[in-house]
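**Student:** Okay, here's the structure, questions in a sec.
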Amino acid sequence: MDNTVVIGAQWGDEGKAKITDILAENADIIIRYQGGCNAGHTVVADGKTFKFHLIPSGILYKDKLCFIGAGTVIYPEVLAQEIEDLKKDNINLSGLKISPLASITMPYHIDIDGYSEDNAKGSAKIGTTKKGIGPTYTDKISRHGIKVQDLFDEDGLSKKLDNILPLKNKELTMVYGLKEYTKEEIMNLCKKYAEIIKSYVCNDWQKIFHEAIKNKKSILFEGAQGVMLDVDWGTYPYVTSSNPVAGGACTGSGFGPNVMKEIIGVSKAYITRVGEGPFATELNDEVGEKIRNIGHEFGTTTGRPRRTGWFDAVVAKYGVLVSGLTSMALTKLDVFDTFDEIKVCTAYKDTRNGDVYEYYPTNVNIHEYLEPIYETHAGWKTDISKIRKYEDLPENAKKYISRLEELMGVKISIVSVGPDRDQTIFR
Ligand code: GDP
Ligand code: IMO
Ligand code: MG
Numbered sequence: 146m147d148n149t150v151v152i153g154a155q156w157g158d159e160g161k162a163k164i165t166d167i168l169a170e171n172a173d174i175i176i177r178y179q180g181g182c183n184a185g186h187t188v189v190a191d192g193k194t195f196k197f198h199l200i201p202s203g204i205l206y207k208d209k210l211c212f213i214g215a216g217t218v219i220y221p222e223v224l225a226q227e228i229e230d231l232k233k234d235n236i237n238l239s240g241l242k243i244s245p246l247a248s249i250t251m252p253y254h255i256d257i258d259g260y261s262e263d264n265a266k267g268s269a270k271i272g273t274t275k276k277g278i279g280p281t282y283t284d285k286i287s288r289h290g291i292k293v294q295d296l297f298d299e300d301g302l303s304k305k306l307d308n309i310l311p312l313k314n315k316e317l318t319m320v321y322g323l324k325e326y327t328k329e330e331i332m333n334l335c336k337k338y339a340e341i342i343k344s345y346v347c348n349d350w351q352k353i354f355h356e357a358i359k360n361k362k363s364i365l366f367e368g369a370q371g372v373m374l375d376v377d378w379g380t381y382p383y384v385t386s387s388n389p390v391a392g393g394a395c396t397g398s399g400f401g402p403n404v405m406k407e408i409i410g411v412s413k414a415y416i417t418r419v420g421e422g423p424f425a426t427e428l429n430d431e432v433g434e435k436i437r438n439i440g441h442e443f444g445t446t447t448g449r450p451r452r453t454g455w456f457d458a459v460v461a462k463y464g465v466l467v468s469g470l471t472s473m474a475l476t477k478l479d480v481f482d483t484f485d486e487i488k489v490c491t492a493y494k495d496t497r498n499g500d501v502y503e504y505y506p507t508n509v510n511i512h513e514y515l516e517p518i519y520e521t522h523a524g525w526k527t528d529i530s531k532i533r534k535y536e537d538l539p540e541n542a543k544k545y546i547s548r549l550e551e552l553m554g555v556k557i558s559i560v561s562v563g564p565d566r567d568q569t570i571f572r
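Add 145 to a position in the sequence shown, counting from 1, and you land on the number used in this note's numbering.
Shown next, in the form of structure tokens:
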């Protein structure tokens, strides 16, 4: 398999893990390159459901190296739970590797994220997962972060905390009115975190990556979240704090752009979003409810009901551009099996002046004035979940797929018709 990046092309939860798991069978190395335990990745293998937050979705195969990359943020308590759950399921973790350069989420990051969300008023609310993601990345960028390698350098960590902790405690108490942490508490926590991570830290990653390139090993890059949640390219400020776009696979993994050959975006046949922010095709009616119920659209990480709406080709085209997608995987097509008709948004109209937008307007403040322009497609009214060949799909399903390809300007190379590994059509 050519080296491939798998990214979400909407607002997350597109089914990236399912696609990653399938492609991982033919990969040697799988790398999660950004995000943290805000991600909830579901793989259904032979009827059994696995949920990952940090561990790459390739871990179910015995002989793969699965890296948690430098661009990720790791909350060790969640990682410990994930490791324990996988061990209970007899999953072999000998291939799990953690970058010494990944950032650690500390309890104060979670305190700040939770406080900010609970106390934000009106449009300031983002609807984060409260997993400390924003505050951890903030500290990384402001150069106050703790990295995995710091956990194994007691002297270095002690000096770092002497610089960081007084400031952090001021922030906690004076800005947020939260409790402060003693240095002893944090040093003890870091010892515990080191214990959790110790057997997986990969200090010889340069040698492994170098040899992987030399020996033409197959590398699969697994993104979390999606293009529209990207901190630079998404619906800012209603985004996560990292770069899910394909460019993030370079900065977050340690491989350069020349290594990546295929970039597969994953889109649902409709769209969902959790948390706040613009969502032009959102359906606050019984059709939206029907999609939510049939598609089981409730968050893997937080259990929140996901907002639902029609496929938005303006969003898809934007993702194709900013991530250089070479093809798309279309998931959850089966969710439409009972629908009489299906709509697709092809552009937006500005209700103030009639202006039409064919490209995504990046200023979120104008979205309240935009309404989607739809075209309507006839449904197929057939159970497609058992179909495994593209030719066997109903004509109306093939027409829907062709039209999406035309609107997005990219081929749909994979069609998913159910959660299980085998419910997949390759073209
Ligand atoms: P991710 O975060 O992008 O990996 O996606 P999630 O795991 O959060 O959400 C996708 C959900 O849809 C999971 O429950 C999957 O098992 C499920 N799923 C994936 N592909 C399909 C599909 O083609 N049809 C149906 N019905 N469910 C699917
Ligand atoms: P996967 O990888 C869907 C959303 C949150 C919120 C915003 C910021 O499973 O697709 P954060 O906690 O990251 O600061 O929250 O981003 N969000 C996701 N939505 N899927 C995800 O991950 C998400 N990770 C974060 O709901 O709107
Ligand atoms: Mg998810």
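By construction, the Cβ of each residue, glycine as well, lies at the ideal position given by its N, Cα and C atoms.
Residues with a Cβ closer than 5 Å to any heavy atom of ligand 3, in chain order?
**Tutor:** Cβ atoms closer than 5 Å to ligand 3 belong to D158, G185 and T445.
**Student:** With a threshold of 7 Å, establish whether the CB of V509 neighbours any heavy atom of ligand 2.
**Tutor:** Not under cutoff, so the answer is no.
**Student:** In chain order, what residues of the same chain have a beta carbon less than 7 Å from the beta carbon of Y220, not counting five sequence neighbours either side?
**Tutor:** Within the same chain, Y220 has close Cβ partners G181, C182, T250, K276 and G277.
**Student:** Whole alpha helix (DSSP H) runs in the segment 287–347 with 4 or more residues, listed along the chain?
**Tutor:** The segment 287–347 contains these whole alpha helix (DSSP H) runs: 299–315 and 328–342.
**Student:** If I follow the unbroken beta strand (DSSP E) through N151, where does it start and stop?
**Tutor:** According to the sequence provided, residue 151 is Val. The question's Asn does not apply to it. Looking at the DSSP string, the run of the beta strand (DSSP E) that includes V151 is T149 to G153.
**Student:** Alpha helix (DSSP H) containing S202: first to last residue?
**Tutor:** Element bounds for S202: n/a, residue is neither H nor E.
**Student:** State the Cα-Cα distance for the pair C395 and G401, rounded to the nearest angstrom.
**Tutor:** Near 5 Å, if we compare the C-alpha coordinates of G401 and C395.
**Student:** Taking the beta strand (DSSP E) that G368 falls in, what are its first and last residues?
**Tutor:** Unbroken run through G368: none, as it is neither H nor E.
**Student:** Which class does E170 belong to by DSSP, given the choice of helix, strand or coil?
**Tutor:** In the structure shown, E170 sits in coil (DSSP, three-state: anything other than H, G, I, E or B).
**Student:** Would you check if the segment 468–477 and the segment 158–168 touch, i.e. whether three or more CB-CB distances between them fall below 8 Å?
**Tutor:** Yes: at least three Cβ pairs fall under 8 Å.
**Student:** If we call anything under 8 Å between Cβ atoms a contact, is G169 one with K196?
**Tutor:** For clarity, residue 169 is Ala in the given sequence; the question names Gly instead. Going by C-beta atoms, A169 is not nearer than 8 Å to K196.
**Student:** Can you tell me whether L502 is helix, strand or coil according to DSSP?
**Tutor:** According to the sequence as given, residue 502 is Tyr; it is not Leu. Reduced to three states, the DSSP call for Y502 is strand.
**Student:** For the beta strand (DSSP E) containing S468, list its first residue and its last residue.
**Tutor:** Careful: S468 lies outside any beta strand (DSSP E), inside the alpha helix (DSSP H) at A458 to S468.
**Student:** Buried or exposed for I286, going by 16 or more other Cβ atoms inside 10 Å?
**Tutor:** Burial call: exposed.
**Student:** Quick check: is the beta carbon of I409 nearer than 8 Å to any beta carbon in chain B?
**Tutor:** The chain labelled as chain B is not found in the depicted structure, where only one protein chain is given.
**Student:** When DSSP labels each residue in this structure, what does L538 get in the three-state scheme?
**Tutor:** In the structure shown, L538 sits in coil (DSSP, three-state: anything other than H, G, I, E or B).
**Student:** Kindly confirm or deny that the segment 256–274 and the segment 236–248 touch, where touching means at least three C-beta pairs closer than 8 Å.
**Tutor:** Short answer: they don't touch.
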